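Engineer: The structure's right below; bear with me while I get my questions together.
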Amino acid sequence: MTPPLPNEDGSREDICGTDWSTDASVFTAKLAVDQEAVPDVLALPHPHIGWAVLWMFAFWTVQIVVGIVVAAAAMAVAVAQGQSTAKQIELALADVSVVMIPIGTLFSALTAITITSIFYRRAFRIRLALRGMAWPHWVGSLLAVLPLAVIASEVTNCAGEVLPSFNAEVLGQFAASPWPMVFVAACLLPAIGEEIFCRGFLGRGLVAHHGAFAGALLASLLFGIMHIDPVQSVGAFVLGLALHFIYLTTRSLFAPMLVHMLNNAFAFWVMRNYRWCPLPGLSPLPDRTEVHTPLSVMIAAVAASAGLLGLLYQTRARWIMTSSDSQDGAEVAWSPGYVTAEQPPSGIGCHAATAPMRLWLAAFAVLSYGALLAALILESQAVSAP
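For what it's worth, numbering that gives the first Met the number 0 labels the leading residue of the sequence shown as 0, then goes sequentially.
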């Protein structure tokens with residue numbers, strides 16, 4: 000019997016895929032009915048790569064239009080106040096550039112929520128995997144922020160030597176704003192809007208159509224391009240790869256949201272406090288000299304990232320069928336027939352399960368993380384010494 004096709008709103012909830020391996024991977028997607036494999040007849044979710052590029056430009060257009068409107072309003076106010084010279088208008092635009100960040104990120108978040116709500120409707124939470132996580136995933140996501148920030152920052156440093164950047168000055172000015180504004184506008188709102196749009200919407204379709212590796216690569220590439228600034232785009236691309244890996248292994252959008260938010264918060268904290276707490280490679284030195292990340296810090300960051308991401312993969316979340324008719328009593332893992340992080344429809348009885356943590360991998364993650372902290376402290380003290 001051919002199973003019916005599911006709707007995006009989850010109205011047909013009588014479909015489930017099964018993977019009979021107890022070690023079923025997040026990246027494995029098979030269909031089975033009565034323990035017999037059947038052809039993949041399920042409609043893959045929107046968008047594929049062509050539509051994803053169009054959606055990225057639409058999202059980009061909203062940001063540009065909002066920026067133009069804010070700039071036009073600033074010019075109008077400046078002229079109304081008698082600031083008619085080119086220099087006065089230029090200064091007025093420089094002042095309002097700081098206001099563009101909170102307005103732009105607010106509209107970006109609203110745009111992402113609106114688009115996904117139109118497509119997913121009642122299935123919004125299920126399709127995006129807006130759910131809680133097991134404690135190893137919370138801890139792994141939190142700890143991954145620092146080593147991933149070190150790696151992304153050094154990639155950005157290298158990109159800055161060959162690519163132009165026109166956003167650094169604006170971000171530096173905005174970093175001096177009151178911290179609650181910085182956190183909400185540059186950390187919280189981007190984490191919500193960009194993760195919903197890039198991971199939950201674009202990434203869902205791209206991974207389903209092109210597989211876990213190519214789909215995550217394409218989604219991360221679009222995530223980087225959306226940042227517009229060439230140097231910032233390169234760093235965002237690298238971070239996006241890790242964010243998508245975390246999304247697929249935890250099967251919760253809250254995990255990449257958390258990492259994204261804390262990564263931005265850490266970056267702005269470093270901008271504000273580099274004079275008394277310089278971190279070579281992550282921030283300028285106290286005399287504002289730009290330096291690359293020391294080799295000891297970089298090696299420790301790569302090792303810590305590998306250990307933590309390895310733990311997340313090893314304890315990856317799976318959806319296990321609550322009622323199974325398998326003859327050998329093996330666990331039956333649910334899958335919609337394509338690679339995804341989404342939850343099962345509400346009509347299917349499933350529970351989330353994770354594999355026990357392997358002690359040797361946990362020990363490696365702890366030791367490498369400790370080495371990273373020690374290397375950062377030693378390098379910071381070395382450049383702070385008179």
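Glycine included, every Cβ here is placed at the ideal spot set by N, Cα and C. In this text, all values refer to a predicted model and were calculated from it rather than measured experimentally.
Could you tell me which residues DSSP puts in a beta bridge with I319?
Structural biologist: A332, H350
Engineer: Can you name the residues that DSSP bridges to P285?
Structural biologist: Its beta-bridge partners do not exist; DSSP assigns none.
Engineer: Among all the DSSP beta bridges, which residues are the ones paired with P279?
Structural biologist: S282
Engineer: Quick one: is A148 buried, meaning 16 or more other Cβ sit within 10 Å of its Cβ, or exposed?
Structural biologist: buried
Engineer: Helix, strand or coil: how does DSSP classify N156 here?
Structural biologist: helix
Engineer: Would you grab the beta carbon distance between L360 and L308 for me? Rounded to a whole angstrom, and I think it's under 8 Å.
Structural biologist: Incorrect: roughly 11 Å between the Cβ atoms, too far for contact.
Engineer: Looking at C-alpha atoms only, which residue of A143, A351, V52 is the closest neighbour of S251?
Structural biologist: A351
Engineer: Assuming G199 and V206 form a contact by the criterion Cβ under 8 Å, report the distance between their Cβ atoms to the nearest whole angstrom.
Structural biologist: At roughly 11 Å, the Cβ-Cβ gap does not stay under 8 Å, so G199 and V206 are not in contact.
Engineer: Measuring alpha carbon to alpha carbon, tell me which of A305, P355, V61 ends up nearest G103.
Structural biologist: V61
Engineer: With H, G and I counted as helix, E and B as strand and the rest as coil, what does DSSP make of L371?
Structural biologist: helix
Engineer: What is the C-beta distance between L201 and W54, in whole angstroms, given that I count them as a contact (C-beta under 8 Å)?
Structural biologist: 6 Å
Engineer: Given a cut-off of 9 Å on the beta-carbon distance, is the pair A185 and A51 in contact?
Structural biologist: no
Engineer: Could you check whether the stretch 66-77 touches the stretch 371-384, counting it as contact only if at least three pairs of C-beta atoms, one from each stretch, sit closer than 8 Å?
Structural biologist: no
Engineer: Excluding five sequence neighbours on each side, which residues of the same chain lie with their C-beta closer than 6 Å to the C-beta of G306?
Structural biologist: F363, A364, S367
Engineer: For P285, which residues of its own chain have a beta-carbon under 6 Å away from its beta-carbon, when the five flanking residues on both sides are left out?
Structural biologist: R274, P277
Engineer: Report the residue ranges of all alpha helix (DSSP H) runs contained in full by the stretch 174-234; include only those spanning at least 4 residues, in chain order.
Structural biologist: 178-182, 188-193, 202-209, 211-224
Engineer: Quick one: what does DSSP say E341 is sitting in, helix, strand or coil?
Structural biologist: Coil.
Engineer: In this structure, how does DSSP classify P146 when only helix, strand and coil are distinguished?
Structural biologist: helix
Engineer: For Q231, does the count of other Cβ atoms within 10 angstroms reach 16, so buried, or fall short, so exposed?
Structural biologist: buried
Engineer: DSSP three-state label for S164, please.
Structural biologist: If DSSP states are grouped into helix, strand and coil, S164 belongs with coil.
Engineer: Put G306 into one of helix, strand or coil per three-state DSSP.
Structural biologist: helix
Engineer: In or out: Q380 buried (at least 16 other Cβ within 10 Å) or exposed?
Structural biologist: Of the other Cβ atoms in all chains shown, fewer than 16 fall within 10 Å of the Cβ of Q380; this residue is therefore exposed.
Engineer: In its own chain, which residues sit with a C-beta less than 6 Å from the C-beta of R271, not counting the 5 before and 5 after it?
Structural biologist: A174
Engineer: M356 by DSSP, collapsed to three states: which one?
Structural biologist: coil
Engineer: Would L238 and L141 be called neighbours here (beta carbons separated by less than 9 Å)?
Structural biologist: Result no, Cβ atoms of L238 and L141 do not sit closer than 9 Å.
Engineer: Can you tell which of M99, P101, F118 has its C-alpha closest to the C-alpha of P46?
Structural biologist: When the alpha-carbon of P46 is set against those of M99, P101, F118, the nearest one is in F118.
Engineer: Quick one: is V149 near chain D, going by C-beta distance under 9 Å?
Structural biologist: Judged by its chain identifiers, the structure shown contains no chain D, having just a single protein chain.
Engineer: Decide if G204 is buried, meaning its Cβ has at least 16 other Cβ atoms within 10 Å, or exposed.
Structural biologist: buried
Engineer: Just verifying my parser: in three-state terms, what is the DSSP assignment at A133?
Structural biologist: coil
Engineer: Between the C-alpha atoms of R210 and R120, what's the straight-line distance to the nearest angstrom?
Structural biologist: The sequence as given places Gly at residue 210; Arg does not occur at that position. Using only the alpha carbons, I get a separation of about 25 Å.
Engineer: Just verifying my parser: in three-state terms, what is the DSSP assignment at V290?
Structural biologist: coil
Engineer: Among I298, I63, A133, T115, which residue has its Cα nearest to the Cα of I191?
Structural biologist: T115
Engineer: Thinking C-alpha only, which one of N156, Y337, T314, W178 is nearest E289?
Structural biologist: N156
Engineer: Grouping DSSP H, G and I as helix and E and B as strand, with all else coil, what is Q80?
Structural biologist: coil
Engineer: Relative to the alpha-carbon of A266, which residue among A241, S152, S383 has its alpha-carbon at the smallest distance?
Structural biologist: S152
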